[in-house]
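Beneath this line is the structure, given in structure tokens, with notes to follow.
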Amino acid sequence: MSQPNDAALPFSLLQFYATSPYPCSYLADRQARSQVATPAHLIDAEIYSSLVRAGFRRSGIFTYRPHCDHCRACIPVRLPVADLQLTRSQRRALKKHANLRPREMPLALFSDHYALYCRYQQARHPGGGMDDDSREQYTQFLLQSRVDTRLIEFLDDDGVRMVSLIDVLDDGLSSVYTFFDPDVAQSSFGTYNVLWQAAQCVDLGLPYLYLGYWIAESRKMAYKSAFTPIEGLIDGQWQILNPNDAP
Numbered sequence: 047m048s049q050p051n052d053a054a055l056p057f058s059l060l061q062f063y064a065t066s067p068y069p070c071s072y073l074a075d076r077q078a079r080s081q082v083a084t085p086a087h088l089i090d091a092e093i094y095s096s097l098v099r100a101g102f103r104r105s106g107i108f109t110y111r112p113h114c115d116h117c118r119a120c121i122p123v124r125l126p127v128a129d130l131q132l133t134r135s136q137r138r139a140l141k142k143h144a145n146l147r148p149r150e151m152p153l154a155l156f157s158d159h160y161a162l163y164c165r166y167q168q169a170r171h172p173g174g175g176m177d178d179d180s181r182e183q184y185t186q187f188l189l190q191s192r193v194d195t196r197l198i199e200f201l202d203d204d205g206v207r208m209v210s211l212i213d214v215l216d217d218g219l220s221s222v223y224t225f226f227d228p229d230v231a232q233s234s235f236g237t238y239n240v241l242w243q244a245a246q247c248v249d250l251g252l253p254y255l256y257l258g259y260w261i262a263e264s265r266k267m268a269y270k271s272a273f274t275p276i277e278g279l280i281d282g283q284w285q286i287l288n289p290n291d292a293p
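Residue 47 is where the sequence shown starts when you use the numbering used here, and the numbers rise one by one after that.
Okay, here's the thing in structure tokens:
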């Protein structure tokens, strides 16, 4: 059992433990560990917001952050949405998918969502373990939450094209997970979705969109640095991130 180094964090009722090492999902041949905040039922909206600002993320009811012994590659990142500078390709993504209709749904299992999730995992992350998730695993991963979580589906005339899970914090939105139709040729659903979430932050008067971890060496995560400016949590301080300065 261990406590985080962030002495100012208001977590006096929480305990933190480090997991045993396990294979890293992003960097081959590396071992990862996580620091998990417990008990889950005490992590309300206010504490969860503070945890996210301290670099934690959520998977189901588990709130965690990287706690690896010899690696600091995972950098928590967030977008200060008022300062977001769009590139040409990002503007094209907004235009290309302007026909999508977002709709908030109950945080529940829908068969078309689950089918889309399975197709996405099999196409984008084969062999990663999540491409064989059962309905129960899908539910535990995405549909169990003790905080304010929104499930948004994006539709066109052919049905659901994309689904996003988003947590509402006191200073922003946290992008939990997004999956989309992998069979649409030359789509830019992922880029569109980040920009859509950033726009929601602006509409709600929230300054930040939290995007989880950026890993310079991981193709799956490196895309996040395409959004500028982007801030990283480095040595306990949020600061503008220069991808060239990655550890």
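In this text, a Cβ means the ideal position worked out from N, Cα and C, and glycines have one as well.
Using 8 Å as the threshold, is the C-beta distance between residue i and residue j below it?
| i | j | result |
| --- | --- | --- |
| residue 73 | residue 264 | yes |
| residue 125 | residue 257 | yes |
| residue 294 | residue 207 | Any property of residue 294 remains undetermined from this structure, which presents the chain solely from 47 to 293. |
| residue 209 | residue 159 | yes |
| residue 155 | residue 195 | no |
Does residue i pass the burial test, meaning 16 or more other C-beta atoms within 10 Å, or should it be called exposed?
| i | result |
| --- | --- |
| residue 277 | buried |
| residue 182 | exposed |
| residue 63 | exposed |
| residue 218 | buried |
| residue 92 | exposed |
| residue 80 | buried |
| residue 87 | exposed |
| residue 205 | exposed |
| residue 151 | exposed |
| residue 250 | exposed |
When you compare each of the options to residue i by their alpha carbons, which one comes out closest?
| i | options | result |
| --- | --- | --- |
| residue 252 | 208, 112, 288 and 129 | 129 |
| residue 262 | 120, 108 and 97 | 120 |
| residue 131 | 187, 268 and 245 | 245 |
| residue 259 | 153, 223, 143 and 243 | 223 |
| residue 144 | 127, 242 and 180 | 242 |
| residue 71 | 164, 172 and 127 | 172 |
| residue 112 | 96, 82 and 127 | 82 |
| residue 201 | 235, 187 and 170 | 235 |
When you compare only the Cα positions, how much space is there between residue i and residue j?
| i | j | result |
| --- | --- | --- |
| residue 69 | residue 75 | 7 Å |
| residue 157 | residue 94 | 30 Å |
| residue 162 | residue 198 | 14 Å |
| residue 248 | residue 109 | 26 Å |
| residue 270 | residue 280 | 16 Å |
| residue 89 | residue 102 | 12 Å |
| residue 211 | residue 149 | 12 Å |
| residue 275 | residue 122 | 14 Å |
| residue 272 | residue 240 | 11 Å |
| residue 57 | residue 84 | 10 Å |
| residue 104 | residue 117 | 21 Å |
| residue 66 | residue 282 | 24 Å |
| residue 254 | residue 285 | 13 Å |
| residue 225 | residue 134 | 23 Å |
| residue 140 | residue 61 | 43 Å |
| residue 142 | residue 100 | 35 Å |
| residue 233 | residue 267 | 18 Å |
| residue 37 | residue 59 | One cannot answer for residue 37 here, as it falls past the ends of the chain, which runs 47 to 293. |
| residue 153 | residue 187 | 12 Å |
| residue 165 | residue 231 | 14 Å |
| residue 287 | residue 180 | 37 Å |
| residue 1 | residue 170 | Missing from the structure shown is residue 1; the chain here goes from 47 to 293 and no further. |
| residue 127 | residue 138 | 19 Å |
On the premise that residue j lies in contact with residue i, defined as a C-beta separation below 8 Å, what is that separation, rounded to the nearest angstrom?
| i | j | result |
| --- | --- | --- |
| residue 190 | residue 107 | 5 Å |
| residue 237 | residue 136 | 6 Å |
| residue 213 | residue 193 | 6 Å |
Is there a C-beta anywhere in chain C that falls below 8 Å from the one on residue i?
| i | result |
| --- | --- |
| residue 131 | Considering every chain present, this structure includes no chain C. It has just one protein chain. |
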